[in-house]
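Protein chains in written order, with the working numbering: chain A, 1 to 404; chain B, 1001 to 1404.
What follows is one structure encoded as structure tokens, with my remarks underneath.
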């Protein structure tokens, strides 16, 4: 298994494009993305658990009921959520695209991101689709990745190649993160593609299993979006025997999927709104995985811990406090805590009580861009990682005036 | 029932004091507070549900097992939590105070607030107790309220007078809030006193019932502290017949208690770390109270909503999003949302979809210091309030460098 260049077009038979069609007023910001497979794909998705669900999610869920799809269209600049007629706009978008690409509208996945509660005007989408479709290219993954961003500062793409039954397969993806990121079942707009042959049922199983350890362990601000969605398309062009049950091939596929999704999680967390640092809380020694996950997610969600990391302040009391209120059944008096970064490791708490440490060294460790918060519960053999970012002035600035 | 001047000394027979004893390095900041009743009191308390519990809470719980207390000692500057020997320091503090006041150490309540994980030096407390006890006065409530503050910017005191069986009773209190405020059972350091005669059992019942609607509906930053504690002392000096069961007198007492605790909640929320605005989310039309509480608390806890309120941005999508992920079983398509302040009311969402509104008026409404977020679920007759504050640059600043 190795990381390779590219994103949603890294796998065989996928083309993509991203353009500015006019949903956003700023002409320099792309706002419409398209991914297309040469052949129909097995498709799977997971969606937000928020009771408020964006209209595109409702339409996509309907279209993916048969487990196949061939194209994905995504707009940024408007979430098409909590407005009148949003579902019609999403369906019409799929129909217009299907016409341009000569597909069945039910083979189109649709997604939107942006402000909630405003009508989405179909006009720029209708006017933009011909150019969007005409520009499809195997080199268009980067433009698509750019067109789905909102307050993100960098494109998020990753791909991996792996071998199944002697055939080289590729799995790649792109993501949009930044704010309103605290997924519960999925996260804000992740699109994965693979040329690996996988049945729709097993694809759904793989994705549903993976997100529990990846996107559901990610938080920027504790707010679970209304439009979270992760989709994966598998077109089978790698030529491997279709994976249709659990077994060795499934295990390899799960590893490839997890490699890609963990990379995207880290990219989303590190590029969280206003973030200057990527935080990874690594909980080990848990009696079961659920305990490890609960504790790890609570730490990276704590506003106080996040602000302390921004200030490079080794205030570990906030870490143990967040574990204490997390709901995880842990023995506080066994917990060890350390901070780790490229500048070294500093132990700050042993058996639930503080130990002397060099403030100077701690400052150096916490001044790096990527920080691991290491928590050992010393109560078993299970572990979990969770990803987040620091809480900064810029997060407040961005969200104090998001709509203008 | 009427609001009167004062705090913990407003009720008959209570004296208090607050001094600088040297736990804090800053000589201008008081760090040791004392409340004393002339006679033994019925006493009740509620504590944090955080698995990490400050040593003073463990000691106080032990001392209140018999339902009586006569004095309360509180230090700021160090939470006496997650350190070695913290329980001994807390017990020793009670013993030293009991000696000075000629009380049984078990009649002393002890509490601490400040940084977690550092040893609490007994020396300044031992050296300070004589002056602390000597300075007890019916006018000392303000000094005590000052000595328990950490990053709070104002003292939090309130008192109310009411009548039971022809006797005038008084109930007053003081609180310390600011950061790490997201109580679950209680909140960070609230001390209530009353001269009303109430049995310990009924006092505990009243307090436990009240906190569900007051302190448990308050959040500054989503972090549940390790040292949350609300205590109430009732010395009976008002001369009313002791309230020892539910009934009319109990109802009046509950109203008095609620009036005081709601005031303290609003003061804590409005003075949250870095806060510029007090937010109240008022949920009405819920099918049951639990639904109303879950929705209201989710809204005032949402970082995105809090940042939008800081920026006076009427981004109501964040309000409905927070209701959607709260876990409350609501019909999203019935929800009405409006913002209200002294500058007026602006309706922004009806039946789950946006309605046109004047951005200018919304800006005026949201530029006030106290903002109500009105949510009507139109699904029943139950309601709940929750209190919070905006998320500001100063919250990040304060918590990026808390320990220095």
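Each residue gets a CB set at the ideal place from its N, CA and C atoms; glycine is no exception.
Computed from a prediction, not measured in an experiment: that's the story for all the values here.
Interface residues of chain A facing residue i [CB-CB closer than 8 Å]
i, result
"residue 1396 of chain B", "307, 310, 391, 392, 393, 395, 396"
"residue 1080 of chain B", "What residue 1080 of chain B touches in chain A: nothing, since even the nearest Cβ is about 12 Å away."
"residue 1047 of chain B", "The premise fails here: residue 1047 of chain B is roughly 13 Å from chain A at the closest Cβ pair, so nothing lies under 8 Å."
"residue 1330 of chain B", "51"
Contacts of residue i in chain A (Cβ-Cβ under 9 Å)
i, result
"residue 1116 of chain B", "315, 316, 317, 318, 320, 321, 354"
"residue 1349 of chain B", "82, 117"
Cβ-based neighbour list, residue i, same chain, cut-off 7 Å, excluding 5 preceding and 5 following
i, result
"residue 138 of chain A", "9, 15"
"residue 1041 of chain B", "1068, 1069, 1070, 1233, 1234, 1235"
"residue 963 of chain B", "Shown here, chain B extends from 1001 to 1404; a query on residue 963 of chain B therefore has no answer."
"residue 20 of chain A", "27, 29, 30, 31"
"residue 208 of chain A", "46"
"residue 331 of chain A", "379"
"residue 1309 of chain B", "1277, 1279, 1366, 1371, 1390"
"residue 327 of chain A", "294"
"residue 90 of chain A", "55, 56, 59, 80, 110"
"residue 392 of chain A", "274, 275, 276, 310"
Beta bridge counterpart(s) of residue i as assigned by DSSP
i, result
"residue 169 of chain A", "A:162"
"residue 1141 of chain B", "None; residue 1141 of chain B has no bridge partner."
"residue 296 of chain A", "According to DSSP, which records beta bridges pairwise, residue 296 of chain A is partnered with nothing at all."
"residue 1382 of chain B", "B:1286"
"residue 18 of chain A", "A:33"
"residue 340 of chain A", "A:345, A:372"
"residue 357 of chain A", "According to DSSP, residue 357 of chain A bridges with nothing at all."
"residue 1320 of chain B", "Bridge partners of residue 1320 of chain B: none, in fact."
"residue 149 of chain A", "Residue 149 of chain A is not bridged to any residue."
"residue 388 of chain A", "A:279"
"residue 268 of chain A", "According to DSSP, which records beta bridges pairwise, residue 268 of chain A is partnered with nothing at all."
"residue 1076 of chain B", "B:1113"
"residue 47 of chain A", "A:229"
"residue 1004 of chain B", "B:1159"
"residue 174 of chain A", "A:157, A:191"
"residue 1198 of chain B", "B:1243"
"residue 218 of chain A", "A:387"
"residue 59 of chain A", "Residue 59 of chain A is not bridged to any residue."
Closer than 8 Å at the beta carbon, the chain B residues around residue i
i, result
"residue 50 of chain A", "1321, 1324, 1325"
Chain-order list of residues whose beta-carbon lies under 6 Å from that of residue i (same chain, five-residue window excluded)
i, result
"residue 1204 of chain B", "1044"
"residue 316 of chain A", "337, 348, 349"
"residue 185 of chain A", "Here the model assigns residue 185 of chain A a pLDDT of 41, short of 50, so the residue's position is not dependable, and the following value carries that caveat. Same-chain partners within the cutoff: 46, 49."
"residue 1395 of chain B", "1273, 1274"
"residue 231 of chain A", "45, 109, 191"
"residue 1254 of chain B", "1206"
"residue 157 of chain A", "7, 145, 174"
"residue 1292 of chain B", "1283, 1286, 1382, 1383, 1384"
9 Å Cβ cut-off: residues of chain B touching residue i
i, result
"residue 84 of chain A", "1353, 1354"
Cut-off 8 Å between Cβ atoms - residues of its own chain near residue i, not counting five sequence neighbours on either side
i, result
"residue 342 of chain A", "368, 370"
"residue 85 of chain A", "119"
"residue 249 of chain A", "164, 165, 240, 241, 243"
Could you say if the stretch 1220-1230 of chain B and the stretch 1020-1031 of chain B meet the contact criterion of at least three C-beta pairs nearer than 8 Å? Segment contact: the stretch 1220-1230 of chain B against the stretch 1020-1031 of chain B, fewer than three CB-CB distances shorter than 8 Å; contact not assigned.
Report yes or no: do three or more beta-carbon pairs, one from the stretch 1354-1367 of chain B and one from the stretch 1294-1306 of chain B, lie closer than 8 Å? Contact between the stretch 1354-1367 of chain B and the stretch 1294-1306 of chain B is absent, because fewer than three Cβ pairs lie under 8 Å.
Listed in chain order, which residues of the stretch 1276-1303 of chain B have Cβ atoms closer than 9 Å to some Cβ of chain A? From the stretch 1276-1303 of chain B, only 1301, 1302, 1303 have a Cβ closer than 9 Å to chain A.
Residues within the stretch 1226-1237 of chain B neighbouring chain A, beta-carbon criterion of under 7 Å: With the criterion set as a beta carbon lying under 7 Å from some beta carbon of chain A, the members of the stretch 1226-1237 of chain B are 1226, in sequence order.
Stretch pair the stretch 278-298 of chain A + the stretch 208-219 of chain A: three plus CB contacts closer than 8 Å: Short answer: they touch.
Report yes or no: do the stretch 1365-1383 of chain B and the stretch 1277-1289 of chain B share at least 3 C-beta pairs separated by less than 8 Å? Because the criterion of three Cβ pairs below 8 Å is met, the stretch 1365-1383 of chain B and the stretch 1277-1289 of chain B touch.
Is the stretch 1155-1174 of chain B in contact with the stretch 1260-1267 of chain B, if contact means three or more CB pairs nearer than 8 Å? Yes, the stretch 1155-1174 of chain B is in contact with the stretch 1260-1267 of chain B.
Would you call the stretch 69-83 of chain A and the stretch 91-110 of chain A touching, i.e. three or more CB-CB distances under 8 Å? Touching, per the Cβ criterion.
Would you say the stretch 1149-1168 of chain B touches the stretch 1050-1059 of chain B, given that touching needs at least three Cβ pairs under 8 Å? Touching, no.
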